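**Q**
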Amino acid sequence: MIRTLIPTLLLSAVAALPAAAGTVSFDFAPVGNAGNAADPQTGFGAVSYNYAISTTEVTNTQYTEFLNAVAATDSFGGADPTLYNTSMGGSSRGGISRSGVPGSYTYATKPNMADKPVNYVSFFDAMRFTNWLNNGQGSGDTETGAYTIGSGSDEVRSTSAKFWIPSEDEWYKAAYHDASAGTAGVYFDYATGSDSVPTIATADSVGDISNPGAGVVNYNRGADWNGQDGNVTTVGSAGLASASPYGTFDQNGNVVEWNEAVFSSSFRGLRGGSWFTSSDILRAVNQNLSLPTNEFSDVGFRVATVPEPSSVLMGALAAAGVLGRRRA
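FYI, the numbering for the sequence shown is -21 to -1, 1 to 307, going by mature numbering (1 follows the signal peptide of the UniProt record, and there is no 0).
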């Protein structure tokens, strides 16, 4: 079932969104303050409506359920015809193994990788995943729903979409906007509710962040485990003190995330930085892009959805009044 339970935040009011049928579940953070002003430094972040965004990046467990539902053959046509990248199984940073032959492929999460963000996914993969969510999961269609699959850069979100890849403004607001500022254009430099450069995360032997706390982010190859010089870490394991003001985890670091932005009629947007990148890439002022077919070890995504009317009460770490903020 699609879970919409929102994690309890310090001195915050949150509302649970109701469940829907299916097999993959998410926790969604409601993002209110509809009609907020854009960040005066960048022009991003203004959103005229309430929405909700997954608190974490899509995990290997969630993507494995998707693959087992629709990718027994894994042949979809078009510019990016497959949902599985063999590096998911072959790389120590990948989290999903595949067995069998075309027509009877099965998929499983690798040891200690179930709760890590899925990587080696393209923008096409993200569109097909959200289409599948829109179509009820199971044997639901992957080619239409939130998006009608085309070139990778010409798809426009359906106005009736229930789940989708966040727009750049939606992603930016959830990451950087000060939820306690209402509709004012007040934003943080980092997706941790702070203007201070984050602390580099370290990891234990199973990939959990071993130094959780305020301002901790998995970036700059600090999370060395599984024999790797930098790796993905368990989603949300930096802890609540490192969440964004709206209650999302890892919008800085872990994996850089796809958004709907289109550049030069050929590229799609990326934001947030990853386990690999420097602190500069984490900042709100940094904007990235990639071909929609590209699949890398430090690229993943999260999903957005329509909130219930009752979910307008917002969780906000900054409501405690102890976090600094960058003002317009």
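No residue lacks a Cβ here, since even glycine has one placed at the ideal position from N, Cα and C.
No experiment lies behind these values; they were computed from the predicted model shown.
1) Would you call the CB atoms of residue 99 and residue 73 closer than 8 Å?
2) Using alpha carbons as the reference points, say which of 250, 239 and 280 lies closest to residue 133.
3) Pick helix, strand or coil for residue 268, following the three-state DSSP scheme.
4) Under 8 Å between the Cβ atoms of residue 283 and residue 128?
5) Could you give the uninterrupted runs of the beta strand (DSSP E) lying entirely in the region 42 to 81, keeping only those of 3 residues or more?
6) Give me the DSSP bridge partner(s) of residue 261.
7) Let's see if you can read the secondary structure: which residues bound the alpha helix (DSSP H) around residue 150?
8) I want to know whether the region 7 to 18 touches the region 211 to 227 - three or more CB-CB distances under 8 Å.
9) Taking the straight line between their C-alpha atoms, what separation do you get for residue 97 and residue 261?
10) Do residue 250 and residue 151 count as a contact pair if the criterion is CB distance below 8 Å?
11) Going by alpha carbons, who is nearest to residue 28 out of 36, 39 and 13?
12) Applying the 10 Å Cβ sphere with the 16-neighbour rule, what's the burial state of residue 124?
13) To which residues does DSSP link residue 238 through a beta bridge?
14) Please tell me whether residue 279 and residue 44 are closer than 8 Å, where the distance is taken between their beta carbons.
15) What's the C-alpha gap between residue 51 and residue 119?
16) Leaving out five residues before and five after residue 265 in sequence, what residues of the same chain have Cβ atoms less than 8 Å from its Cβ?
17) Beta carbon of residue 193, beta carbon of residue 254: below 8 Å?
18) If you compare alpha carbons, which of 21, 30 and 26 is closest to residue 287?
19) Using the Cα positions of residue 17 and residue 112, report the straight-line distance between them to the nearest angstrom.
20) What residue from 42, 48 and 148 has the CA that sits closest to residue 22's CA?
21) Run through DSSP, which three-state label would residue 109 get?
**A** In brief:
1) yes
2) Considering only 250, 239 and 280, the residue with the shortest C-alpha distance to residue 133 is 239.
3) For residue 268, the three-state secondary structure derived from DSSP is strand.
4) no
5) Counting whole runs of 3 or more residues, the region 42 to 81 contains the beta strand (DSSP E) stretches 75 to 78.
6) According to DSSP, residue 261 bridges with nothing at all.
7) 147 to 155
8) The region 7 to 18 vs the region 211 to 227: in contact.
9) 19 Å
10) yes
11) 13
12) buried
13) 248
14) no
15) Residue 51 and residue 119: Cα-Cα distance of roughly 14 Å.
16) 250, 252 and 259
17) no
18) 30
19) 30 Å
20) 148
21) helix
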